[in-house]
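Residue numbers (our numbering): 26 to 112.
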């Protein structure tokens, strides 16, 4: 087992074991489908890459349990998405 998973800090960082499991699984799928790692590590082990991305605050789960990259705007949050007739 990877040492990072033994620590409670990574569970707390994500918001619980279920969210951690979901984030890891979804990010592993993305990496396997060709997404580039967001961290530089000396390994090809995708699990190690995902754990480092989490520990370095590069990825998180949004309110709908979708993986988001820190610093990227979430869909539907920009002012340009606002319809002036809604005011």
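By construction, the Cβ of each residue, glycine as well, lies at the ideal position given by its N, Cα and C atoms.
Next on the checklist: Which residue wins for smallest C-alpha separation from residue 65, given the options 44, 76, 42?
Outcome noted: 76
Item to check | Residues that residue 45 bridges to, as DSSP identifies them | outcome: Per DSSP, none; premise fails for residue 45.
Next on the checklist: Can you find the residues in the same chain that come closer than 6 Å, C-beta to C-beta, to residue 49, ignoring five residues on each side of it along the sequence?
Outcome noted: 75
Checklist entry - Taking the C-alpha atoms as reference points, what is the distance between residue 30 and residue 54? => result 19 Å
Item to check | Contact set for residue 95: own chain, Cβ-Cβ below 6 Å, skip 5 residues either direction | outcome: 82, 83
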